[in-house]
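Novice: Residue numbering for the sequence shown follows the numbering used here, beginning at 212 and increasing consecutively. For reference, the structure I am asking about is given below.
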Amino acid sequence: MNHYKMYIDGEWRDADVKQSVYDKYTGEVYSTYAQTSKEQVDQAVAAAKKSLETFELTPRERYTILMKAAQYMVDSAEEIAQAICHESGRLIGDARGEATRSRTALEVSAEEACRIAGEMVPVDGLNGGENKMCFTLRVPVGVVAAIAPFNVPLSLTAHKVAPAIAAGNVVIIKPPSDSPGFAVKLVEALLKAGLPKNHIQLVLGSGSTVGEALLQNQGINFYTFTGSLETGIHMKNTIGMRRCSLELGSNAAVIIHNDAPDIKKAARLCAIKAYATAGQICMRPQRLFVHEDVLQEFTNEIVSFTNSLLCGDPSDPNTKVGPMIKTSEVDRVDSWVKEAVADGAKVLAGGEKFNERIYKPTVLSNVKPEMKVCKGEIFGPVVVIIPYTSFDEAIKMANDTIYGLQAGVFTSNLTLAMKAAKKVASGGVIINETSFTRVDNMPYGGIKMSSAGGKEGPKYAIENMTDVKTILIEL
C-alpha cells in the first residue's frame, strides 16, 4: 500500500495523523497520506516566500527545469495512471492518457517561459511625455497556491503548476484529498529536474482544513483553483483583494442543428464525452439541444449507444462507465433524476444505479427548464435532450443558465457557426465537436458563474500569474 508524505521546507515529512484514500470501485483502502496541519501550511508558505527571495530563476533555467520534468513524468506514467485510476476512479485508458498528456502542459509552459515580455509605450507622442521612454516588464506575482480537483487531477494540476513556475513564481500544491498520489510524482519530477527545493511545497488534506488554512494565510499572493461554484464563492469571500483564477461549474450546452455533418456521429460524441469520468467533468455535455427535424435520428442513436456501454471496474479496459467519487454523489444524481421523472421527465436510457458506486449512463427527455437536471450542474453521467425549431431559439435556451464555460455546436453552415460563436454566452464555443474539447495551448475559461480571474492555458495563465510593472525613464 502506498503512503504519501507531504513536502514542506525542503523535506518529505510524515505525520502522526494519517488519512485513508479509498479505491473508488472496491471501496477498500488503496493508499494513505500524512495529514498536514495548519502550522505546517504556514511553514510551507514561509519557506516558499523565502525561496522566492533567495533564488531567482532565469527564463532559460525555468525552461530547462520544466522540459526535464516533463520527461520524468513520462517515465512515471504507468505508476501515475494506476494511482489516478484507483484513487479518482477514472477509466484506465483515460488515466494513462492523462499521465502522458501532462508532458504537454509542462513543455508548452517551458516554451512560454522564454516568451514573457513587456511592451514599449509611446509616451513621447503626448504632452508631458517629451524626452521620456516608457516600457513595461512582467514580474512574478509571488507565492501561488494551486488547488486541484479529483476528476482530472494531474492534467489540471499541471496546468496550474507549470505556468506558475514558468512565470518565475513559487508554488504550494494542494491536491484533492480523494486522490493525492499523482502530486507526489509531480513534485519528485520537478525536484529531480533541478527546481530549487523550496520553490515547491506539497500539503495534504481536505479543503475544509488544509484548503482553509491556505485561504487564511496572507503570505499567498495568488490562488489557482478548479472546483465547485460554492467553493469558488467562498474563496473569493475569504481572500479579499488577493488575486485568483477560478474554474468552476457548468451545465454545458451542445446544439445539434439539422444540417450537422453527421447526426449519428454527433450523438455518439455527445455520449462519449458526457459519460467520461462518470460525468464528473465541468465542461462535459449536459444539455443537448436537438433540431426537431433530426430529433428522432439523434435520440435513437444516443439511446442505443448509451445502452451498449459497459459499467464496471475502471481498471478493466472494456469498461466505459466507472464509479463516481463518492457513494453520496451517486445518491445525489439518483435523487435529481427521480425528482425530474416525478415532474414529468422521461427516462430513455439508464435512470438508476448500477450499484452503490456507479450510476448508469442516463438519457432524459421531456424535461423542463426549472428542473435541477437542466438548470443545475449534474456532475454525473446524465444528459437531457431538448428539441428546438429555430437556431435562434436554441441559442436562447442554451444561454438560459448562470453558467458559461464551453458550448458545442454541430452545423455545416458557416454563417450559423459564426453566429453561435458570437451569440452563445460561453467562454468557448466548439464547432462540430462537443463542449468537452480542450487543446493544451488554447485559452480556457468561462464567463458568468463558471470562472473568475482570467483564462487558463500556459500563455494566458502566465499573464495572470505575473504583474505588469511600468518603467518610465527621463532621457
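Ideal placement from N, C-alpha and C gives every residue a C-beta, glycine not left out.
Name the DSSP beta bridge partners of Asp-678, please?
Specialist: Your numbering for residue 678 matches position 467 in the sequence shown. According to DSSP, which records beta bridges pairwise, Asp-678 is partnered with Val-350.
Novice: Could you give the DSSP three-state label for His-410: helix, strand or coil?
Specialist: Along the sequence shown, one-based indexing puts residue 410 at 199. Residue state, collapsed to three classes: coil.
Novice: Could you give the DSSP three-state label for Ile-276: helix, strand or coil?
Specialist: Counting from one through the sequence shown, the residue named residue 276 turns up at place 65. The answer is helix: DSSP assigns Ile-276 an H, G or I state.
Novice: Taking its Cβ as the centre, do 16 or more other Cβ atoms sit within 10 Å of Gln-246, making it buried, or is it exposed?
Specialist: Residue mapping note: residue 246 aligns to position 35 of the sequence shown, counting from 1. Classification for Gln-246: buried.
Novice: For Cys-490 versus Val-593, is the C-beta spacing smaller than 8 Å?
Specialist: Numbered from 1 along the sequence shown, position 279 holds the residue referred to as residue 490. Numbered from 1 along the sequence shown, position 382 holds the residue referred to as residue 593. In the sequence as presented, Cys is not what sits at residue 490; that position holds Gly. Yes.
Novice: Indicate whether the contact test is met: 3 or more Cβ pairs, each with one atom in the segment 298-315 and one in the segment 523-531, closer than 8 Å.
Specialist: Touching, yes.
Novice: Excluding the 5 residues preceding and the 5 following Leu-559 in the sequence, name in chain order all residues of the same chain whose CB lies nearer than 6 Å to its CB.
Specialist: Along the sequence shown, one-based indexing puts residue 559 at 348. Excluding positions up to five away in sequence, the list reads Val-514, Val-574 and Ser-576.
Novice: Between which two residues does the alpha helix (DSSP H) harbouring Tyr-486 extend?
Specialist: If you number the sequence shown from 1, residue 486 lands on position 275. Segment 474-486, the alpha helix (DSSP H) holding Tyr-486.
Novice: Closer than 8 Å is the cut-off here; do at least three beta carbon pairs connect the segment 629-642 with the segment 656-671?
Specialist: Judged by Cβ distances under 8 Å, the segment 629-642 makes contact with the segment 656-671, as three or more pairs qualify.
Novice: By how many angstroms is the C-alpha of Val-381 removed from the C-alpha of Val-256?
Specialist: Sequence index remark: in the sequence shown, residue 256 carries index 45 (1-based). Sequence index remark: in the sequence shown, residue 381 carries index 170 (1-based). For Val-256 and Val-381, the distance between alpha carbons rounds to 9 Å.
Novice: Check the C-beta distance from Ala-175 over to Ile-682 and give it rounded, since I have them as a contact under 8 Å.
Specialist: Any question about residue 175 goes unanswered here, given that the chain covers just 212 to 686.
Novice: Looking at the structure shown, is Pro-598 part of a helix, part of a strand, or coil, going by DSSP?
Specialist: Position 387 of the sequence shown, counted from the first residue, corresponds to residue 598. Three-state result, Pro-598: strand.
Novice: Under a three-way DSSP split, which group does Ile-673 fall into?
Specialist: Against the sequence shown, residue 673 aligns to sequence position 462. The answer is helix: DSSP assigns Ile-673 an H, G or I state.
Novice: Write down every uninterrupted run of the beta strand (DSSP E) in the segment 483-534 whose length is 3 residues or greater and which is fully enclosed by it, in chain order.
Specialist: DSSP runs (the beta strand (DSSP E)) wholly in the segment 483-534: 498-502.
Novice: Measuring straight from C-alpha to C-alpha, what distance separates Glu-290 and Asp-227?
Specialist: Residue mapping note: residue 290 aligns to position 79 of the sequence shown, counting from 1. Residue mapping note: residue 227 aligns to position 16 of the sequence shown, counting from 1. Whole-angstrom Cα-Cα distance: 26 Å.
Novice: Closer than 8 Å is the cut-off here; do at least three beta carbon pairs connect the segment 436-445 with the segment 269-278?
Specialist: Output reads no: the segment 269-278 does not touch the segment 436-445.
Novice: For the segment 493-501 against the segment 543-562, are there 3 or more C-beta pairs whose distance is under 8 Å?
Specialist: No, because fewer than three Cβ pairs between the segment 493-501 and the segment 543-562 fall closer than 8 Å, the two stretches do not touch.
Novice: Going by DSSP in three states, Leu-457 sits in which element: helix, strand or coil?
Specialist: Here residue 457 is taken as the residue at index 246 of the sequence shown, counted from 1. Residue state, collapsed to three classes: strand.
Novice: Pull up the distance between the alpha-carbon of Ser-526 and that of Tyr-241, whole angstroms please.
Specialist: Indexing the sequence shown from 1 puts residue 526 at position 315. Indexing the sequence shown from 1 puts residue 241 at position 30. So the two alpha carbons sit approximately 13 Å from each other.
Novice: Find the nearest neighbour of Lys-579 within the set Asn-566, Glu-563 and Lys-557, judged by alpha-carbon distance.
Specialist: Reading the sequence shown from its first residue, position 368 is the one you call residue 579. The candidate whose alpha carbon is nearest that of Lys-579 is Lys-557.
Novice: Closest to Asn-624 by CA distance: which of Ser-231, Arg-649, Lys-586 and Ile-467 is it?
Specialist: For the purposes of this step, residue 624 is identified with residue 413 of the sequence shown, where counting begins at 1. Ranking the options by Cα distance to Asn-624, first place goes to Ile-467.
Novice: What is the rounded straight-line gap between the Cα of Val-421 and the Cα of Phe-393?
Specialist: The residue you call residue 421 lines up with position 210 of the sequence shown. The residue you call residue 393 lines up with position 182 of the sequence shown. When rounded, the distance between both Cα atoms is 18 Å.
Novice: Starting from Glu-222 and walking both ways along the beta strand (DSSP E), at which residues does that stretch end?
Specialist: Along the sequence shown, read from residue 1 onward, the residue named residue 222 stands at position 11. Here the beta strand (DSSP E) through Glu-222 covers 222-224.
Novice: DSSP state of Val-395, grouped into three classes?
Specialist: Counting from one through the sequence shown, the residue named residue 395 turns up at place 184. Residue state, collapsed to three classes: helix.
Novice: Any chance the segment 350-360 sits against the segment 425-436, with 3 or more Cβ pairs inside 8 Å?
Specialist: The segment 350-360 vs the segment 425-436: in contact.
Novice: Report the option in Phe-500, Met-284 and Lys-586 whose CA atom is closest to the CA atom of Thr-645.
Specialist: The count along the sequence shown starts at 1 and reaches residue 645 at position 434. Residue Phe-500 is the option with its Cα nearest to Thr-645.
Novice: With a threshold of 16 other CB atoms inside 10 Å of the CB of Thr-265, please say whether the residue is buried or exposed.
Specialist: Along the sequence shown, one-based indexing puts residue 265 at 54. Exposed is the call here.
Novice: Using the beta-carbon count (16 or more within 10 Å), is Leu-263 buried or exposed?
Specialist: Position 52 of the sequence shown, counted from the start, is the residue given in the question as residue 263. The residue in question, Leu-263, is buried, as its Cβ has 16 or more Cβ neighbours within 10 Å.
Novice: Would you check if the distance between the CB atom of Ala-631 and the CB atom of Ile-613 is smaller than 8 Å?
Specialist: Position 420 of the sequence shown, counted from the start, is the residue given in the question as residue 631. Position 402 of the sequence shown, counted from the start, is the residue given in the question as residue 613. No, they are not a contact pair.
Novice: Could you tell me whether the Cβ atoms of Ala-310 and Ala-292 are closer together than 8 Å?
Specialist: Position 99 of the sequence shown holds residue 310. Position 81 of the sequence shown holds residue 292. Yes, these two residues count as a Cβ contact at 8 Å.
Novice: Just to confirm, is the Cβ distance from Phe-621 to Ala-471 under 8 Å?
Specialist: The count along the sequence shown starts at 1 and reaches residue 621 at position 410. The count along the sequence shown starts at 1 and reaches residue 471 at position 260. Result yes, Cβ atoms of Phe-621 and Ala-471 sit closer than 8 Å.
Novice: Taking the continuous beta strand (DSSP E) assigned at Ser-539, which residues delimit it?
Specialist: On the sequence shown, residue 539 is found 328 positions in, with the first residue counted as 1. Unbroken run through Ser-539 is the alpha helix (DSSP H), 538-553; no beta strand (DSSP E).
Novice: The beta strand (DSSP E) with Thr-622 in it runs from where to where?
Specialist: Here the question's residue 622 lines up with position 411 in the sequence shown. Per DSSP, Thr-622 belongs to no beta strand (DSSP E) and is neither H nor E.
Novice: From Val-505 to Ala-487, what distance separates their C-alpha atoms?
Specialist: Reading the sequence shown from its first residue, position 294 is the one you call residue 505. Reading the sequence shown from its first residue, position 276 is the one you call residue 487. Approximately 25 Å, taken between the alpha carbons.
Novice: With a Cβ-Cβ cutoff of 8 Å, do Glu-540 and Gly-587 count as a contact?
Specialist: Translated into the one-based positions of the sequence shown, residue 540 becomes position 329. Translated into the one-based positions of the sequence shown, residue 587 becomes position 376. No.
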